[in-house]
Amino acid sequence: DSDSLKIRNGVGVKDNTLYFVITRNRVNFYQFAQFFKEQLKIDNALYLDGSISSLYLPKVYREDRRYSLGPMIGLINSKVCRP
């Protein structure tokens with residue numbers, strides 16, 4: 001039971017589907033890993049970073065503004081957005 005509690009995020013893949021996860025509350029690594037393993041049934045996931053994590057996803061009422069944004073991961077629906 002680690003007391004290193006932070007907002008965490010990571011990514012995993014199952015059945016050709018990407019799962020990006022960011023916590024709402026501070027958790028330790030064990031709790032974060034258990035979510036991937038037990039809830040999502042993903043055995044291997046990549047931890048992205050710790051307490052500097054932010055998410056902009058208005059659909060789920062997340063517009064974190066902890067720090068200036070740096071590296072980003074984005075998704076574009078090619079059926080809706082065409083060059």
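Start counting the sequence shown at 1; every next residue gets the next number (UniProt numbering). We put the CB at the ideal spot given by N, CA and C, even for glycine. Keep in mind that this is a model prediction, so the values were computed, not measured.
Burial state of residue i, where buried means 16 or more other Cβ atoms lie within 10 Å
i: R26; result: exposed
i: I7; result: buried
Residue span of the beta strand (DSSP E) that contains residue i, given as start and end
i: Y19; result: T17 to I22
i: Y47; result: A45 to D49
i: V13; result: N9 to K14
Whether residue i touches residue j by CB criterion (8 Å)
i: S2; j: Y47; result: no
i: N44; j: G10; result: no
i: K37; j: K14; result: no
Segment limits, alpha helix (DSSP H) that includes residue i
i: F32; result: F29 to Q34
Of the listed residues the options, nearest to residue i (C-alpha basis)
i: F20; options: S4, L5, K6 and L57; result: L57
i: F32; options: N77, S4, G74 and C81; result: S4
Expected contact under 8 Å - CB spacing of residue i and residue j to nearest Å
i: L55; j: R62; result: 5 Å
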